[in-house]
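The opening residue of the sequence shown carries number 2 in this note's numbering; numbering runs sequentially from there.
All C-beta atoms in this analysis are idealised placements derived from N, C-alpha and C, irrespective of residue type, glycine included.
Only a predicted model underlies this, so the values are computations on that prediction, with no experimental measurement involved.
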Amino acid sequence: MKIEENYSLEKHNTFHLNVKTRWFMEYSTEEELSRILHDEYVSSFEKVHIGAGSNLLFLNDYSGVVLHSAIKGIDVDKENDKYVFLRVGAGVVWDDLVAYAVDKGLGGIENLSLIPGEVGAAAIQNIGAYGAEIKDVIESVEAFEIATGNKRIFTLDECAYGYRSSIFKKELVDKYIVTYLTIRLSKEPQFSIDYKDLKEELSKYSIVNLSSVRQAVIDVRTRKLPDTEVLGNAGSFFMNPTISENHYESLKNEYPLIPSYALPDGRVKIPAAWLIEQCGFKGKAYGQAAVYEHQALVLVNLGGAVGSEIALLAEAIRETVAQRFGIQIEPEVKYIG
Ligand code: EPU
């Protein structure tokens, strides 16, 4: 177990904000986590659990305990003619798991290549890209209750997944720590390649297989999204909002080019990036915080920004979008402090 006091989180958040935490505790096994959760001294502090910090905005130094999982391991749990079931530690780097699956010829997560972050947080957020979501392969999620230290296994249904959402972000927010996932991957991959950007990129390849899909996704992402090592960011800062059909029709009268996706429940999803770009924010800098020039949904740290500077820019964007379009956009990024 690694325990540090007054520890810099600069390398633990992809905005690269220079904040400190009173305590940082990194455990490598469920037993170590259980010991931390049963410790009286630790229980007197506020706690937050992080993954790779690729979806976090620290507003201040943190006066509590930051927990991080170093539970590793990708193991075959069982298999049949069609599927392999992998049990994966929450501290595994997400893209290492995708690379492993593609290398072993297992399909289901190749569209989720190069998404930053670790496996536990991926399951909590229901990461998604290019028409795929992690929920499509999840069998079960193992987690520890913070208050009691008891372990519980959640079935797929119990996780209550939705767009960038799960029970761990709603009813049970900050109540459980994910330790392992079991995912179901296919020995006979079926490809989902209808997403426009991916389809275009794949047309450069002579064959559609796990490797070409992974490489195409990597190339699209690399082109469109800033490298966190070069320009601190947390991917999409906001979620794409949904609006009623009536609201959509009235906006379409005024903005005939508004992009949209019809949802099965009759509502309409609008790309937040388009709303933000229409409001003139794309490529604009406010102090050391800015809106990325190639993707308006991404806020970046130009260097030395503080969390509140990024939060202020986000608030200005939310207010402008709300005033102009009557649409409330919500951060995907979690604010801490
Ligand atoms: N668009 C603009 N301006 C921009 C960028 C996009 O108007 O600067 C419009 C275009 O009409 C474009 C549409 O927005 O067709 C959608 O853009 P894009 O395909 O880039 O996807 P997105 O909706 O902005 C979502 C996810 C991304 C994911 C991509 C690809 C969310 C919040 N974001 O972005 O996820 O990689 O689709 O599937 O759902 C993340 O969550 O961190 C993330 C990067």
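Subject >> Tyr287 to Glu320 span [Cα, whole Å] >> reply: Distance between the alpha carbons of Tyr287 and Glu320: 15 Å.
Subject >> Extent of the continuous beta strand (DSSP E) to which Gly92 belongs >> reply: First-last for Gly92: undefined, no H or E at that position.
Original post:
Nearest to Asn81 by alpha carbon, out of Leu98, Leu107 and Asp62?
Top reply: Ranking Leu98, Leu107 and Asp62 by Cα distance to Asn81 puts Leu107 first.
Original post:
When the Cα atoms are used, what is the spatial distance from Glu333 to Asp76?
Top reply: Their backbone Cα atoms lie some 31 Å apart in a straight line.
Subject >> Cβ-based neighbour list, Gly129, same chain, cut-off 6 Å, excluding 5 preceding and 5 following >> reply: For Gly129, where only same-chain residues beyond five positions count, there are no Cβ hits under 6 Å.
**OP:** Report buried or exposed for Gly54, applying the criterion of at least 16 other Cβ atoms within 10 angstroms of its Cβ.
**Re:** Counting Cβ neighbours within 10 Å, Gly54 comes out buried, since at least 16 surround it.
Subject >> Residue from Glu202, Met2 and Leu10 with nearest C-alpha to Glu33 >> reply: Nearest of Glu202, Met2 and Leu10 to Glu33, Cα basis: Met2.
Original post:
When every heavy atom of ligand 1 is checked, does at least one fall within less than 6 Å of the C-beta of Asp95?
Top reply: According to the sequence as given, residue 95 is Trp; it is not Asp. Because no heavy atom of ligand 1 lies under 6 Å away, the Cβ of Trp95 does not count as near it: no.
**OP:** With DSSP collapsed to three states, give me the class of Ile330.
**Re:** Here Ile330 sits in coil by DSSP.
Original post:
Excluding sequence positions up to five away, which residues of its chain have a Cβ less than 8 Å from the Cβ of Gly338?
Top reply: Val20, Phe59, Leu60, Asn61, Asp62, Tyr63 and Gly308, listed in sequence order.
**OP:** Give the single residue among Lys188, Gln289, Pro272 and Glu294 whose Cα lies nearest to the Cα of Phe282.
**Re:** Of Lys188, Gln289, Pro272 and Glu294, the residue nearest in Cα terms is Glu294.
Subject >> Local Cβ density within 10 Å of Ser45, reported as buried at 16 or more and exposed below that >> reply: By the Cβ neighbour-count rule, Ser45 is exposed, with fewer than 16 other Cβ atoms within 10 Å of its own.
Original post:
Which value, in whole angstroms, describes the spacing of the CA atoms of Val218 and Ile168?
Top reply: The straight-line gap from Cα to Cα measures roughly 28 Å.
Original post:
What is the DSSP secondary structure of Lys165, reduced to helix, strand or coil?
Top reply: This sequence places Arg at residue 165; Lys is not what is there. Looking at Arg165 - three-state DSSP - the assignment turns out to be coil, as it is neither helix nor strand.
Subject >> Paired residues, beta bridge with Tyr84 - DSSP >> reply: In the DSSP assignment, Tyr84 forms a beta bridge with Ser187.
Original post:
Does ligand 1 have even one heavy atom less than 6 Å from the beta-carbon of Gly236?
Top reply: Yes, the beta carbon of Gly236 sits closer than 6 Å to at least one heavy atom of ligand 1.
Subject >> heavy atom of ligand 1 below 6 Å from Asn241 C-beta >> reply: For ligand 1, at least one heavy atom lies less than 6 Å from the Cβ of Asn241.
Original post:
Where does Thr243 sit, in a helix, a strand or coil, going by DSSP?
Top reply: If DSSP states are grouped into helix, strand and coil, Thr243 belongs with the strands.
**OP:** For Leu18, I'd like the list of residues in its chain whose CB is within less than 6 Å of its CB, leaving aside the five on either flank, ordered along the chain.
**Re:** Phe59 and Gly308.
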